[in-house]
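A short worksheet on the structure shown next.
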Amino acid sequence: MAGNTDPIYSKVGKISGVEVTAANTKSDGQGTIGTDIFLAFTADSTNGSFVRDIKTFLTATTAATATNATVVRYFASSATSGATTASNTYPLGEFAVASQSADNSGTATFPVAVITLNLPLPAGWTILVTNHAAPAANSKLKTVVFAGDY
2 MAGNTDPIYS KVGKISGVEV TAANTKSDGQ GTIGTDIFLA FTADSTNGSF VRDIKTFLTA
62 TTAATATNAT VVRYFASSAT SGATTASNTY PLGEFAVASQ SADNSGTATF PVAVITLNLP
122 LPAGWTILVT NHAAPAANSK LKTVVFAGDY
């Protein structure tokens with residue numbers, strides 16, 4: 002039974018994220034979780050979760066690393082591991098991402114994508130993320146999901 006029923010509010014805040022470290026050139030949600038499509042969030046297994054928004058940042062481990070331009074894509078999926086298909090993975094949005102100089106001592110990077118979902122996610126479903134071009138050496142795409150469990 003849900004923690005709150007009228008109106009339904011999330012009961013416990015949840016922040017989750019993932020570093021995207023490889024490319025996936027498909028835009029339909031097909032891939033292998035952990036290899037070319039990355040698990041950023043899993044909804045509560047009993048009552049589901051409310052996903053407020055997702056923010057993506059470019060990060061680097063070496064000072065002033067130029068990141069690759071790419072397209073970041075977000076998906077909702079009933080898959081939690083293994084291969085995803087176009088029939089169990091649904092697009093939520095995509096954004097073109099320009100190259101930035103990450104880990105810079107004089108210039109701050111900005112979030113490259115912010116998507117507000119305000120989406121109830123069914124129990125056990127996931128939010129997955131990909132990027133079209135492989136990250137440059139010493140750089141990653143960091144995605145953070147802000148949500149709450151019911």
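Numbering (the working numbering), first residue to last: 2 to 151.
All C-beta atoms, glycine included, are put in the ideal place defined by N, C-alpha and C.
Beta bridge counterpart(s) of residue i as assigned by DSSP
i: N132; result: V73
i: Y91; result: A77
i: T47; result: Per DSSP, none; premise fails for T47.
i: T57; result: A114, T144
i: G32; result: T85
i: T127; result: T43, S78
i: G149; result: G14, F51
i: I38; result: I34
i: S102; result: A67
Residue i: first and last residue of the uninterrupted beta strand (DSSP E) it sits in
i: G14; result: 13 to 21
Cβ-Cβ separation, residue j to residue i (assumed contact under 8 Å), whole Å
i: T33; j: A84; result: 5 Å
i: V146; j: I55; result: 5 Å
i: L59; j: T110; result: 6 Å
i: N69; j: S79; result: Between S79 and N69 the Cβ distance is about 31 Å, and since that is not below 8 Å, they are no contact.
i: T63; j: N139; result: 4 Å
i: T73; j: L142; result: The amino acid at residue 73 is misidentified as Thr; the sequence shows Val. At roughly 6 Å, the Cβ-Cβ gap stays under 8 Å, so V73 and L142 are in contact.
i: A137; j: T66; result: 6 Å
Residue i burial status per 10 Å Cβ neighbour count (16 or more: buried)
i: N119; result: exposed
i: S46; result: exposed
i: A44; result: buried
i: I16; result: exposed
i: S1; result: The chain is shown from 2 up to 151; residue 1 falls before or after that span and cannot be answered.
i: Y151; result: buried
i: S11; result: buried
i: T26; result: exposed
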